[in-house]
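Undergrad: Top to bottom, those sequences are chains A and B.
Residues in the first sequence are numbered consecutively from 1, following this note's numbering.
Residues in the second sequence are numbered consecutively from 1001, following this note's numbering.
Cβ atoms here follow ideal geometry from the backbone N, Cα and C, with glycine treated the same way.
Supplied in structure tokens, the structure appears directly below.
Number of protein chains: 2
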Amino acid sequence: MAERSRSIEFLGAEANAFLPHLAVDCVVFGFHEGELKILLTHWHRRQRWSLPGGFVRRDETLDEAAHRILRMRTQLDHIYLVQYHTFGGLNRRDEVIAHMFDGSAEEGAAAAWVQERFVSVGYYALVDWADVTPTPDGMLTDDCRWWDLRTRPPLLFDHDEMVERALCVLRTQLRHGPVGINMFPKTFTLPELQRLYEGVLDRQLDRRNFQKKMLDLGILERVGQLRGEGVRRAPYLYRFDVPKYEAALRDGISLGR
Amino acid sequence: MAERSRSIEFLGAEANAFLPHLAVDCVVFGFHEGELKILLTHWHRRQRWSLPGGFVRRDETLDEAAHRILRMRTQLDHIYLVQYHTFGGLNRRDEVIAHMFDGSAEEGAAAAWVQERFVSVGYYALVDWADVTPTPDGMLTDDCRWWDLRTRPPLLFDHDEMVERALCVLRTQLRHGPVGINMFPKTFTLPELQRLYEGVLDRQLDRRNFQKKMLDLGILERVGQLRGEGVRRAPYLYRFDVPKYEAALRDGISLGR
């Protein structure tokens, strides 16, 4: 009940604070233990997962809405966010969500509001996994957590298409510029960086070729060496050289096909 | 008067057919006589120019809205259109336009509708100049015509920012893939292609270097030669090899910085 009346508060009385027909959805990528991760929220009345998303307040810009929504879901303030596509198909209605409300007058207004057609502005975010505190809203969603991108559950609405499209844009970004500065703690090894690239590209890369190309870019700075394990040589630790990274971002690089 | 009542019809009685708060604006690029051109419409009550734009019907997708709007302004059915950014700043209101309506009850509704905050989905289009029949709506705008991109008048609203951002995206596209197949009639000369590239990049390119790079891409097919003028050698005519052009679009190319 308490949970329900809070959702009324959000979608009913407060609905006037938001622009109708407009949503923001965020594809949040992280990297942990050699896997590309994605942050998902769980709709408890539907027992299904979706991207973190929300609506746009009349007094905030689109970018501000995306940052506010992600701050609520991650507890992070400064997130590297890219607006990548606006989804405007005809079937973008939250009818399923609308059906989750009961037939009361209060919930009727909220149900009517959400079951209108929505156009959604898609953002993707690249974050350092370790900095995020996944946080559900406690109203419509009761869980928020990282999933492996490859083995994530099928998503609600058209959110799987949103993920695919974000990955396409990220692949292009990765082919023509550096990627990773927002996703790693200060230091990382080349095998870790390679696994990030492999996760985005969804294919294996040749180790020696990858390492040569990355080092040739001149954006990595060697800062130490891990302890060796058994007979394997200990991998070096690197960090991004920020000015050179930013120059590569600005001027473009080519990693070939 | 007739013009005014038609604008009421569009923005008043018919307003329910459109999603509120949402617009589409289009940056249409063409190429003619060595100059990169942009299609603009003239608001006669304001005596100012803007990008062609419009609203989104409840029964059409965003892409369909963009195509419908450009069909009205160009009389062209199949246009190469790219959604490139959604503009969601706080000051995106058509207050100026709203003030163009008189104080009557009929026009009041239209004025109220347009002076709300609008989020605008930006598309850019690359078209063959010769195919376009510029067509104003005859209601709010009384002229529609090509301007040289470089010497265009300052635009209404935030449309200059929209043009700059479209150019940025087009520059990136041009650096990593071929551009031009939609902008030229069947055949063209290398100097014409170079002037298109120079127009997009807003800087001069070295002729020999440009020609070598373009020919090395293998996407051009030589199909003839213009008649020579005076002592200058007649330039060759080229057309794009469509399958190779499409492969280059898919796989990416690098023209360097």
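Between B:Gly-1088, B:Gly-1089, B:Tyr-1245, B:Trp-1049, which has its C-alpha nearest B:Leu-1174's C-alpha?
TA: As a working mapping, residue 1174 of chain B is identified with position 174 in the second sequence. Answer by Cα proximity: B:Tyr-1245.
Undergrad: Over the uninterrupted beta strand (DSSP E) stretch that includes A:Leu-237, give me the two end residues.
TA: Within the first sequence, the letter at position 237 stands for residue 237 of chain A. A:Leu-237 -> beta strand (DSSP E) spans 236-240.
Undergrad: According to DSSP, is A:His-44 helix, strand or coil?
TA: Taking the first residue of the first sequence as position 1, residue 44 of chain A is located at position 44. Correct three-state label for A:His-44: coil.
Undergrad: For B:Pro-1020, return the contacting residues in chain A, with the cut-off set at a CB-CB distance below 9 Å.
TA: In the second sequence, counting from the first residue as 1, residue 1020 of chain B sits at position 20. Here the neighbours are Leu-19, Pro-20, His-21.
Undergrad: Would you say B:Leu-1196 and B:Met-1183 are within 8 Å of each other, going by their C-beta atoms?
TA: In the second sequence, the residue the question calls residue 1196 of chain B occupies position 196. In the second sequence, the residue the question calls residue 1183 of chain B occupies position 183. Cβ atoms of B:Leu-1196 and B:Met-1183: closer than 8 Å.
Undergrad: What is the rounded straight-line gap between the Cα of A:Ala-65 and the Cα of B:Gly-1053?
TA: Here residue 65 of chain A corresponds to residue number 65 of the first sequence, with the count starting at 1. Here residue 1053 of chain B corresponds to residue number 53 of the second sequence, with the count starting at 1. Going from the Cα of A:Ala-65 to the Cα of B:Gly-1053 covers about 25 Å.
Undergrad: Could you check whether A:Val-56 and A:Met-162 sit closer than 8 Å to each other, using their CB atoms as the reference points?
TA: Taking the first residue of the first sequence as 1, we reach residue 162 of chain A at position 162. Taking the first residue of the first sequence as 1, we reach residue 56 of chain A at position 56. No; because the gap between Cβ atoms is not below 8 Å, this pair is not in contact.
Undergrad: Would the segment 1061-1077 of chain B and the segment 1129-1136 of chain B be scored as touching if the rule is three or more Cβ pairs under 8 Å?
TA: The answer is yes - the segment 1129-1136 of chain B touches the segment 1061-1077 of chain B, with three or more Cβ pairs under 8 Å.
Undergrad: Which of the residues in the segment 49-63 of chain A, read from start to end, lie with their CB under 8 Å from any CB of chain B?
TA: Cβ contacts with chain B come from Val-56, Arg-58, Asp-59, Glu-60, Thr-61, Leu-62, Asp-63.
Undergrad: Grab me the residues of B:Arg-1165's own chain with a C-beta within less than 6 Å of its C-beta, minus the 5 sequence neighbours each way, in chain order.
TA: In the second sequence, residue 1165 of chain B corresponds to position 165, counting from 1. Around B:Arg-1165: His-1085.
Undergrad: If you follow the beta strand (DSSP E) that A:Val-121 is in, where does it begin and where does it stop?
TA: Locating residue 121 of chain A in the first sequence gives position 121, where the first residue counts as 1. A:Val-121 -> beta strand (DSSP E) spans 119-126.
Undergrad: At 7 Å on the CB atoms, spell out the chain B contacts of A:His-176, in chain order.
TA: Within the first sequence, the letter at position 176 stands for residue 176 of chain A. Those within 7 Å of A:His-176 in chain B are His-1176.
Undergrad: I want to see whether chain A comes within less than 8 Å of B:Gln-1173, judged by CB atoms only; does it?
TA: Within the second sequence, the letter at position 173 stands for residue 1173 of chain B. So, not an interface residue.
Undergrad: What residues of chain A sit near B:Gly-1089, judged by a beta carbon separation below 7 Å?
TA: Start at 1 with the first residue of the second sequence, and residue 1089 of chain B comes out as number 89. What B:Gly-1089 touches in chain A: Thr-61.
Undergrad: Are there 16 or more other CB atoms within 10 angstroms of the CB of B:Asp-1025, so buried, or fewer, so exposed?
TA: As a working note, residue 1025 of chain B is residue 25 in the second sequence. So B:Asp-1025 counts as buried.
Undergrad: Per DSSP, what kind of secondary structure is A:Ile-38 in: helix, strand or coil?
TA: The residue given as residue 38 of chain A occupies position 38 in the first sequence. If DSSP states are grouped into helix, strand and coil, A:Ile-38 belongs with the strands.
Undergrad: For the beta strand (DSSP E) containing A:Val-223, list its first residue and its last residue.
TA: For the purposes of this step, residue 223 of chain A is taken as residue 223 along the first sequence, with counting starting at 1. Counting along the chain, the beta strand (DSSP E) containing A:Val-223 begins and ends at 220-225.
Undergrad: Cβ closer than 8 Å: which chain A residues qualify as neighbours of B:Arg-1117?
TA: Counting from one through the second sequence, the residue named residue 1117 of chain B turns up at place 117. Neighbours of B:Arg-1117 on chain A, chain order: Leu-19, Arg-58.
Undergrad: B:Ala-1017: buried (16+ other C-beta within 10 angstroms of its C-beta) or exposed?
TA: If you number the second sequence from 1, residue 1017 of chain B lands on position 17. Result: exposed.
Undergrad: At the level of alpha carbons, what is the spacing between B:Arg-1004 and B:Trp-1049?
TA: Against the second sequence, residue 1004 of chain B aligns to sequence position 4. Against the second sequence, residue 1049 of chain B aligns to sequence position 49. Reliability fails at B:Arg-1004, whose pLDDT of 47 lies under 50, so the model's placement of it is uncertain and the value that follows must be treated cautiously. About 19 Å.
Undergrad: At 7 Å on the CB atoms, spell out the chain B contacts of A:Thr-86, in chain order.
TA: Counting from 1 along the first sequence, the entry for residue 86 of chain A is found at position 86. Result: Leu-1062, Gln-1083, Thr-1086, Val-1121.
Undergrad: Keeping to the same chain, check which residues put their C-beta closer than 7 Å to that of A:Ala-248; ignore five residues upstream and five downstream.
TA: The sequence position of residue 248 of chain A within the first sequence is 248, counting from 1. Closer than 7 Å at the Cβ level, and outside the excluded window around A:Ala-248, lie Gly-177, Pro-178, Leu-217, Ile-219.
Undergrad: What is the C-beta distance between B:Trp-1043 and B:Leu-1140, in whole angstroms, given that I count them as a contact (C-beta under 8 Å)?
TA: The residue you call residue 1043 of chain B lines up with position 43 of the second sequence. The residue you call residue 1140 of chain B lines up with position 140 of the second sequence. Indeed, because the Cβ distance is near 6 Å, the residues count as touching under 8 Å.
Undergrad: Counting only the same chain and skipping the five closest in sequence on each side, list residues whose C-beta sits under 7 Å from that of A:Leu-193.
TA: Reading the first sequence from its first residue, position 193 is the one you call residue 193 of chain A. Excluding positions up to five away in sequence, the list reads Gly-180, Met-214.
Undergrad: Going by DSSP in three states, A:Thr-141 sits in which element: helix, strand or coil?
TA: Position 141 of the first sequence, counted from the first residue, corresponds to residue 141 of chain A. Here A:Thr-141 sits in strand by DSSP.
Undergrad: By how many angstroms is the C-alpha of B:Gly-1224 removed from the C-alpha of A:Leu-167?
TA: In the first sequence, the residue the question calls residue 167 of chain A occupies position 167. In the second sequence, the residue the question calls residue 1224 of chain B occupies position 224. The straight-line gap from Cα to Cα measures roughly 43 Å.
Undergrad: May I have the straight-line CA-CA distance separating A:Val-119 from B:Gly-1122, to the nearest angstrom?
TA: For this step, residue 119 of chain A is matched to residue 119 along the first sequence. For this step, residue 1122 of chain B is matched to residue 122 along the second sequence. Computed Cα separation, rounded: 14 Å.
Undergrad: Please report the residue range of the beta strand (DSSP E) in which B:Pro-1020 lies.
TA: The sequence position of residue 1020 of chain B within the second sequence is 20, counting from 1. Element bounds for B:Pro-1020: 1018-1032.
Undergrad: In terms of residues, what are the limits of the alpha helix (DSSP H) holding B:Phe-1210?
TA: In the second sequence, counting from the first residue as 1, residue 1210 of chain B sits at position 210. Taken as a continuous stretch (DSSP letters only), the alpha helix (DSSP H) holding B:Phe-1210 covers 1207-1216.
Undergrad: At a Cβ threshold of 8 Å, is A:Asn-16 touching chain B?
TA: For this step, residue 16 of chain A is matched to residue 16 along the first sequence. So, not an interface residue.
Undergrad: Which two residues bound the contiguous alpha helix (DSSP H) that contains A:Arg-71?
TA: Counting from 1 along the first sequence, the entry for residue 71 of chain A is found at position 71. Per DSSP, A:Arg-71 belongs to the alpha helix (DSSP H) from 62-74.
Undergrad: For the alpha helix (DSSP H) holding B:Leu-1172, just list the boundary residues, first then last.
TA: Working through the second sequence from its first residue, we reach residue 1172 of chain B at position 172. Position check: residue 1172 of chain B holds Thr in this sequence, whereas Leu was assumed. B:Thr-1172 -> alpha helix (DSSP H) spans 1159-1176.
Undergrad: Where does B:Arg-1006 sit, in a helix, a strand or coil, going by DSSP?
TA: Numbered from 1 along the second sequence, position 6 holds the residue referred to as residue 1006 of chain B. Residue confidence for B:Arg-1006 is low, a pLDDT of 48 falling below 50, so the modelled location carries little weight; the figure read from the coordinates is stated next. DSSP places B:Arg-1006 in helix when its eight states are reduced to three.
Undergrad: List the whole-angstrom C-beta distance separating A:Leu-90 from B:Thr-1061, where the pair is believed to meet the contact cut-off of C-beta under 8 Å.
TA: Working through the first sequence from its first residue, we reach residue 90 of chain A at position 90. Working through the second sequence from its first residue, we reach residue 1061 of chain B at position 61. Yes, they are in contact, since the Cβ atoms of A:Leu-90 and B:Thr-1061 sit about 6 Å apart, within 8 Å.
Undergrad: What whole-angstrom Cβ distance do A:Trp-146 and A:Gly-30 have, given they're in contact under 8 Å?
TA: By 1-based counting over the first sequence, the position of residue 146 of chain A is 146. By 1-based counting over the first sequence, the position of residue 30 of chain A is 30. Their Cβ separation, rounded to whole angstroms, is 6 Å, which keeps A:Trp-146 and A:Gly-30 in contact under 8 Å.
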